[in-house]
Amino acid sequence: DAGVTQSPTHLIKTRGQQVTLRCSPKSGHDTVSWYQQALGQGPQFIFQYYEEEERQRGNFPDRFSGHQFPNYSSELNVNALLLGDSALYLCASSFSGGAVGDTQYFGPGTRLTVL
Amino acid sequence: AQSVAQPEDQVNVAEGNPLTVKCTYSVSGNPYLFWYVQYPNRGLQFLLKYITGDNLVKGSYGFEAEFNKSQTSFHLKKPSALVSDSALYFCAVRDWGGTASKLTFGTGTRLQVTL
Numbered sequence: 001d002a003g004v005t006q007s008p009t010h011l012i013k014t015r016g017q018q019v020t021l022r023c024s025p026k027s028g029h030d031t032v033s034w035y036q037q038a039l040g041q042g043p044q045f046i047f048q049y050y051e052e053e054e055r056q057r058g059n060f061p062d063r064f065s066g067h068q069f070p071n072y073s074s075e076l077n078v079n080a081l082l083l084g085d086s087a088l089y090l091c092a093s094s095f096s097g098g099a100v101g102d103t104q105y106f107g108p109g110t111r112l113t114v115l
Numbered sequence: 116a117q118s119v120a121q122p123e124d125q126v127n128v129a130e131g132n133p134l135t136v137k138c139t140y141s142v143s144g145n146p147y148l149f150w151y152v153q154y155p156n157r158g159l160q161f162l163l164k165y166i167t168g169d170n171l172v173k174g175s176y177g178f179e180a181e182f183n184k185s186q187t188s189f190h191l192k193k194p195s196a197l198v199s200d201s202a203l204y205f206c207a208v209r210d211w212g213g214t215a216s217k218l219t220f221g222t223g224t225r226l227q228v229t230l
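Protein chains in written order, with the working numbering: chain A, 1 to 115; chain B, 116 to 230.
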């Protein structure tokens with residue numbers, strides 16, 4: 001049973017460019033959440049997708065957008081990259097129909113470096 | 116809003132000794148608490164969670180956590196530490212904001228186990 005997968009592993013961009021990160025959820029999961037983890041900090045919630053719609057957004061600007069596909073996979077897009085966007089981007093999947101304490105399982109992350 | 120605090124940036128312990136990584140929480144309503152571990156250049160791995168019931172929760176790799184409502188704490192413990200337990204540990208709380216359930220993380224505690 002494959003866990004959460006993310007691509008690419010590493011990415012280097014320059015300021016002002018745009019980037020797309022991809023995530024495939026764990027088998028049986030239908031909900032995808034994205035988190036940003038800056039160096040030396042805990043992960044920060046960006047947004048969550050369910051039924052191809054954004055359910056909730058954290059404190060991130062509109063430069064951050066996402067999409068969920070019918071097969072539950074998801075993309076995170078960041079436009080007009082800033083140096084401060086350099087971070088590890090984590091995708092987490094969960095099952096919406098589970099008990100209230102359903103667990104989010106994380107992928108290995110994509111390390112984004114903005115020069 | 117829900118929050119967790121990890122008061123120690125780093126915990127040092129000798130192999131074979133018991134370890135404790137501290138976490139305190141602040142929530143309105145019932146707390147849903149989680150521990151994750153992060154190895155270098157890796158994503159987060161789920162260790163255990165508290166939803167309800169027994170205050171002592173057992174998880175992966177011999178870890179357990181004790182939920183204490185009066186002290187609003189959820190400390191991670193292991194009876195005998197291994198060098199391979201050296202990693203970054205995050206406490207998190209389920210935050211039921213809007214229609215989504217996001218995780219709010221602490222700042223992390225680095226565990227260093229030495230021979």
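Note that beta-carbon positions come from the ideal geometry of N, C-alpha and C, so glycine has one too.
- Within 10 angstroms of the beta-carbon of B/Tyr176 lie fewer than 16 other beta-carbons, which makes it exposed.
- B/Ser118 sits exposed, since fewer than 16 C-beta atoms from the chains shown fall within 10 Å of its C-beta.
- Interface criterion met: the Cβ of A/Pro43 is under 8 Å from a Cβ in chain B.
- Sequence-distant Cβ neighbours of A/Phe47 in its own chain, meaning closer than 8 Å and more than five residues away, are Ser33, Trp34, Glu54, Arg55, Gln56, Arg57, Gly58, Phe60, Phe64, Gly66.
- Cβ atoms of B/Tyr147 and B/Leu159 stay farther apart than 8 Å, at about 16 Å.
- Legend: CB atoms of the region 13-27 of chain A lying less than 8 Å from CB atoms of chain B are not found in any residue.
- With respect to A/Leu112, A/Leu11 sits close: the two C-beta atoms are nearer than 8 Å.
- Across the set B/Val228, B/Asn132, B/Tyr140, B/Leu230, the C-alpha of B/Tyr140 shows the shortest separation from the C-alpha of B/Phe189.
- Close CB contacts of B/Tyr154 within its chain, under the 6 Å cut and outside five residues either way in sequence, are with Ala202 (chain order).
- Under the 8 Å criterion on CB atoms, A/Tyr72 is classed as non-interfacial with respect to chain B.
- When 9 Å is used as the limit between beta carbons, B/Gly223 is near these residues of chain A: Gly40, Gln41, Gly42, in chain order.
- According to DSSP, residue pairing for A/Gly66 in a beta bridge involves A/Leu76.
- DSSP places A/Ser93 in the strand class (E or B) of the three-state scheme.
- Out of A/Leu90, A/Asp85, A/Cys91, A/Gly97, the CA that lies nearest to the CA of A/Gly16 is found in A/Asp85.
- Per DSSP, the unbroken beta strand (DSSP E) holding A/His10 starts and ends at 10-13.
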